[in-house]
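Notes for the one structure printed next.
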Amino acid sequence: MKFILSAIFLFFTVNYCFGKDIIFLKDGTKIKGEVLSVDQTELTFQTNGRSDYLIYSSEDVDYVIVESHEKLLEISDSMYLKGIQDAKIHHKRFLGNFCAGFFGGAIGFIIVAVTDAKTPDPNIVGIENLNSRDYREGFNKKAKGKNLKAAGFGMASGIILFFMFLSGFSDV
5 MKFILSAIFL
15 FFTVNYCFGK
25 DIIFLKDGTK
35 IKGEVLSVDQ
45 TELTFQTNGR
55 SDYLIYSSED
65 VDYVIVESHE
75 KLLEISDSMY
85 LKGIQDAKIH
95 HKRFLGNFCA
105 GFFGGAIGFI
115 IVAVTDAKTP
125 DPNIVGIENL
135 NSRDYREGFN
145 KKAKGKNLKA
155 AGFGMASGII
165 LFFMFLSGFS
175 DV
């Protein structure tokens, strides 16, 4: 059993270390390599073992599988993705949303779901980012997800605690 688990772990570790980006063209071809840059009109790509670069227009590319989300942020200049990344780092409102779900139950969860996320501090994220509509949409999407997650944990904890108390008093 140890050997099988070790072999599986080694297999996935090696595959992870040598992970590459994959570009799928509309004509059906699949090319493995490394995405170097992405903008609105073209995609720059380097294939494995080559020193030259391939440039594809957005009409030629069907879709791209990128190795990691962090790499996508590095190569993309998208303000939407930057907003999502900043919300991961700077949006910290776990306790209030947890308490809303814990004490309010389903009503507290619904209140958290209906209300918008708090606007980020312009001193931390930068005023030029805050003025971008795409940045705000990305930030709000991720922040709202974090709020709902915290409220869901709170609601689940409240329900579990309620049933623990209920089962403790039923023995009397």
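In my numbering, each residue carries its 1-based index in the sequence shown increased by 4.
Think of the CB as a built atom: it goes at the ideal place given N, C-alpha and C, for glycine as much as any other residue.
Model, not experiment: these values are computed from the prediction.
Beta-carbon contacts of residue i that lie in its chain and below 8 Å, excluding the five residues immediately before and after
| i | result |
| --- | --- |
| glycine 162 | Gly105, Phe106, Phe107 and Gly109 |
| lysine 86 | Leu77, Asn133, Tyr139 and Gly142 |
| phenylalanine 157 | Phe102 and Gly105 |
| isoleucine 12 | none |
Residue burial classification, residue i (beta-carbon count within 10 angstroms, cutoff 16)
| i | result |
| --- | --- |
| phenylalanine 166 | exposed |
| alanine 160 | exposed |
| isoleucine 27 | buried |
| isoleucine 88 | buried |
| proline 124 | buried |
| aspartate 90 | buried |
First and last residue of the uninterrupted alpha helix (DSSP H) at residue i
| i | result |
| --- | --- |
| serine 161 | 137-173 |
| alanine 110 | 98-118 |
| proline 124 | Taken as a continuous stretch (DSSP letters only), proline 124 belongs to no alpha helix (DSSP H), as it is neither H nor E. |
Beta-carbon gap between residue i and residue j smaller than 7 Å
| i | j | result |
| --- | --- | --- |
| lysine 96 | alanine 121 | no |
| glycine 37 | phenylalanine 49 | yes |
| leucine 29 | aspartate 64 | yes |
| histidine 94 | isoleucine 131 | no |
| alanine 155 | phenylalanine 98 | no |
| threonine 45 | serine 62 | yes |
| asparagine 151 | valine 116 | yes |
| methionine 83 | serine 136 | yes |
Host beta strand (DSSP E) of residue i (start-end)
| i | result |
| --- | --- |
| glycine 32 | Run containing glycine 32: none; DSSP gives neither H nor E here. |
| tyrosine 84 | Not the beta strand (DSSP E): tyrosine 84 falls in the alpha helix (DSSP H), residues 83-94. |
| glutamate 46 | 46-51 |
| serine 61 | 58-61 |
Own chain partners of residue i with C-beta closer than 6 Å, once the 5 adjacent residues on each side are dropped
| i | result |
| --- | --- |
| tyrosine 60 | Leu47 |
| lysine 206 | No statement about residue 206 is possible, as the shown extent of the chain runs from 5 to 176 and does not include it. |
Beta-carbon proximity list for residue i, same chain, < 7 Å, skipping 5 on both sides
| i | result |
| --- | --- |
| lysine 92 | Lys146 |
| glycine 172 | none |
| asparagine 144 | Asp120 and Ala121 |
| proline 126 | Leu134 |
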